[in-house]
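Throughout the sequence shown, residue numbering follows the working numbering, covering 25 to 264 in sequence.
Don't be surprised by glycine CBs; every beta carbon is placed ideally from N, CA and C.
The block underneath contains the structure these notes are about, expressed in structure tokens.
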Amino acid sequence: MKTIEYRHRYQHMYVAARYSGARHLISVAVIGLVVTGALLVYCVPLATTRDWLVVPTTLTLASFVEYWMHRGPMHHPTRGLRAVHERHGRRHHRYFAPDAMTFQNARDLHAVLFPPVLIIFFAAIATILGAVLALIWGAAAGGLFAATVIGYYLAYETLHLFYHLAERVPGRRWRWLAFLSRHHQLHHDPRDMLSCNFNLVFPIFDWLFGTLRTSAAMDPRTGERGRAGAIGQDSPDRVS
Numbered sequence: 025m026k027t028i029e030y031r032h033r034y035q036h037m038y039v040a041a042r043y044s045g046a047r048h049l050i051s052v053a054v055i056g057l058v059v060t061g062a063l064l065v066y067c068v069p070l071a072t073t074r075d076w077l078v079v080p081t082t083l084t085l086a087s088f089v090e091y092w093m094h095r096g097p098m099h100h101p102t103r104g105l106r107a108v109h110e111r112h113g114r115r116h117h118r119y120f121a122p123d124a125m126t127f128q129n130a131r132d133l134h135a136v137l138f139p140p141v142l143i144i145f146f147a148a149i150a151t152i153l154g155a156v157l158a159l160i161w162g163a164a165a166g167g168l169f170a171a172t173v174i175g176y177y178l179a180y181e182t183l184h185l186f187y188h189l190a191e192r193v194p195g196r197r198w199r200w201l202a203f204l205s206r207h208h209q210l211h212h213d214p215r216d217m218l219s220c221n222f223n224l225v226f227p228i229f230d231w232l233f234g235t236l237r238t239s240a241a242m243d244p245r246t247g248e249r250g251r252a253g254a255i256g257q258d259s260p261d262r263v264s
């Protein structure tokens, strides 16, 4: 089934007539920004230099969780998380093929963004874990942890949306964003979606675990494709 045909089928089967892409986007942004802002207003005045160490630590942990979820449950049926695989691995990847990565109208946001309820779920989990950390480390550290987790979620949603915007959109030509957009496009290739480019925000763990790809197959006669030895640098890697 061609991508355009699948999109029509998806809209008919999964998207309610009253669905509003703008409302979906705004609700996620408002909830995330309000909660994150409230946490920062509370904890920043209290934070010490030691407390700020929570931010890079949490960003690294969030990047690993993103990588693990994307490489695992989002692409492989997993008990208790089958809906995640169905929505992402089976629907999202059919909705956006490598040669049809951009959405055409606001209703297509249904296939890009996570359901709005997830920002509430993640905010609640982040706040609970932050409260536990506050008991162990201090209130400022707990607040910074929760704010960073929710901020990472918003960064994921924002960048993922950006990768599916038309190339003429301002910012798509910025070097790092262009790299990340190409990085995600390669992941959407059905031949490679189970093996490469699982990080969307920072490709740290793609690099560490050897799943970072920066170019598609180059020569079918030799079986060589581009593989990064360091972020943003290609080196040929023979594929058997």
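Below 8 angstroms on the Cβ atoms is my guess for residue 222 versus residue 38; work out the distance and round it to an integer in Å.
With 8 angstroms as the limit, residue 222 and residue 38 do not qualify as a contact, their Cβ atoms being about 24 angstroms apart.
Compute the minimum distance between the beta carbon of residue 218 and the heavy atoms of the ligand SAH, and state whether it is under 7 angstroms.
This structure lacks the ligand SAH; in fact it carries no ligand of any kind.
Smallest Cα separation from residue 200: which of 48, 225 and 66?
225
Could you say which of 84, 168, 218 and 76 lies nearest to residue 61 if we only look at CA atoms?
168
Report the option in 232, 193 and 239 whose CA atom is closest to the CA atom of residue 212.
239
Are the CB atoms of residue 88 and residue 188 within a distance shorter than 8 angstroms?
no
In whole angstroms, what separates the C-alpha of residue 147 from that of residue 203?
29 angstroms
Quick check: the Cα distance between residue 138 and residue 132, rounded to an integer number of angstroms?
12 angstroms
Candidates 198, 50, 86 and 72: which alpha carbon is nearest residue 172's?
86
Work out the CA separation of residue 128 and residue 32 for me, nearest whole Å.
12 angstroms
Please tell me whether residue 97 and residue 109 are closer than 8 angstroms, where the distance is taken between their beta carbons.
yes
Check for me: the alpha helix (DSSP H) holding residue 59 runs from which residue to which?
45-67
Is it buried or exposed for residue 218, if we count other Cβ within 10 angstroms and need 16 for buried?
exposed
Flag this pair as touching only if the region 154-166 and the region 50-59 have three or more C-beta atom pairs under 8 angstroms; answer yes or no.
no
Classify residue 69: buried if its beta carbon has 16 or more other beta carbons within 10 angstroms, exposed otherwise.
exposed
So the candidates are 166, 184 and 205; which of them puts its Cα closest to the Cα of residue 63?
166
With C-beta atoms as the reference, is residue 51 less than 8 angstroms away from residue 140?
yes
In this structure, does DSSP put residue 170 in helix, strand or coil?
The answer is helix: DSSP assigns residue 170 an H, G or I state.
For residue 236, is the classification buried or exposed, using 16 other Cβ atoms within 10 angstroms of its Cβ as the cut-off for buried?
Looking at its Cβ environment, which holds 16 or more other Cβ atoms inside 10 Å, residue 236 is buried.
In chain order, what are the residue ranges of uninterrupted alpha helix (DSSP H) at least 4 long that sit wholly in the region 112-180?
For the region 112-180, whole alpha helix (DSSP H) runs of length 4 or above, ordered along the chain, are 141-160.
Quick one, which of 126, 53, 112 and 162 has its alpha-carbon nearest residue 75's?
Considering only alpha carbons, the answer is 162.
Please classify residue 39: does DSSP put it in a helix, a strand, or coil?
coil
Output needed for residue 99: all residues of its chain with C-beta closer than 8 angstroms, excluding positions within five of it in sequence on either side, in chain order.
109, 112, 113, 217 and 218
Smallest Cα separation from residue 123: which of 28, 233 and 234?
28
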